[in-house]
Amino acid sequence: MNKYLFYLLILFFLPVCSFAGPSVIGTRFFFSPETRGINVKVINDDESDYLIKTSVNNNDFIISPPLFILPKNTSNIITIIPGDSLKQNKDEIYKLVITAIPKSEKNSINNIVSLATRSHFNIIYQHKKHDNDDFNKIILTKNSNGKYQLENNSDNVFYIELSTNEDFKSNKRKLLSTNDNLEVKECKSNEKCHVWIKVLAGNDAIIKKIYLSSDR
Numbered sequence: 087m088n089k090y091l092f093y094l095l096i097l098f099f100l101p102v103c104s105f106a107g108p109s110v111i112g113t114r115f116f117f118s119p120e121t122r123g124i125n126v127k128v129i130n131d132d133e134s135d136y137l138i139k140t141s142v143n144n145n146d147f148i149i150s151p152p153l154f155i156l157p158k159n160t161s162n163i164i165t166i167i168p169g170d171s172l173k174q175n176k177d178e179i180y181k182l183v184i185t186a187i188p189k190s191e192k193n194s195i196n197n198i199v200s201l202a203t204r205s206h207f208n209i210i211y212q213h214k215k216h217d218n219d220d221f222n223k224i225i226l227t228k229n230s231n232g233k234y235q236l237e238n239n240s241d242n243v244f245y246i247e248l249s250t251n252e253d254f255k256s257n258k259r260k261l262l263s264t265n266d267n268l269e270v271k272e273c274k275s276n277e278k279c280h281v282w283i284k285v286l287a288g289n290d291a292i293i294k295k296i297y298l299s300s301d302r
């Protein structure tokens, strides 16, 4: 059995679990209609070769290469290319999955030991730049259980930094999806809620600051 086929068999039959191995530069990747492609660097600082498998949760993006060997102490570039089927009137979040399979080693009783890691990353497609009409569609409400939540009534995905303190000491960065909501767990249902929001670009630059409050 050649080495390439051997790696493939490991990929499909071994369970996925935590293991020290290759690292990826970046945790989320932003696309606009003008973006032709994004390069993602994968680094292998380990003393083992790895088989790397990449995929996106649908066919709106092309990943190149989808499968490759990453030798020890080397790096490689994955290119994410948008397809023609991307929606032109709505933002969307996609999932990039990178699976790393280490080269197998035999233990003292000749059993093959190989542990795989599967890492998930967000690809955020934004069909246009945000404007004030979009920001005004982020509101603070209570859900049916009396919990405070941010409600996004727009067709935009917002990358936000959320805090219930104006100085952002307890800041949290999250993605607020299109026509979705996000519970503000720091606010108690029987008290008035104050929320400060920074809308961020992909490079973490601040696009807009928003303050919202809700009556009890």
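Quick note: the sequence shown, position 10, residue 96 per the working numbering, numbers continuous. Beta carbons are placed, not taken as given, at the ideal position from N, Cα and C, and that holds for glycine.
For residue i and residue j, which I take to be in contact (beta-carbon distance under 8 Å), what is that distance rounded to the nearest angstrom?
i	j	result
residue 139	residue 156	That belief does not hold up - the Cβ atoms of residue 139 and residue 156 are roughly 11 Å apart, past 8 Å.
residue 111	residue 127	4 Å
residue 228	residue 206	The Cβ separation is near 31 Å, so there is no contact.
residue 323	residue 235	What the structure shows of the chain is the stretch from 87 to 302, and residue 323 is not part of that stretch, so it cannot be assessed.
residue 179	residue 210	6 Å
Nearest to residue i by alpha carbon, out of the options?
i	options	result
residue 291	244, 129, 165 and 132	244
residue 253	221, 120 and 295	295
residue 144	119, 166, 131 and 162	166
residue 163	215, 109, 169 and 189	109
residue 161	125, 210 and 170	125
residue 147	134, 118, 261 and 135	118
residue 242	258, 220 and 225	220
According to DSSP, is residue i part of a helix, a strand, or is it coil?
i	result
residue 221	helix
residue 111	coil
residue 122	coil
residue 216	coil
residue 285	strand
residue 186	strand
residue 300	strand
residue 168	strand
residue 263	coil
residue 161	strand
Taking just the CA atoms, how far does residue j sit from residue i?
i	j	result
residue 159	residue 284	39 Å
residue 213	residue 174	6 Å
residue 232	residue 280	15 Å
residue 186	residue 137	6 Å
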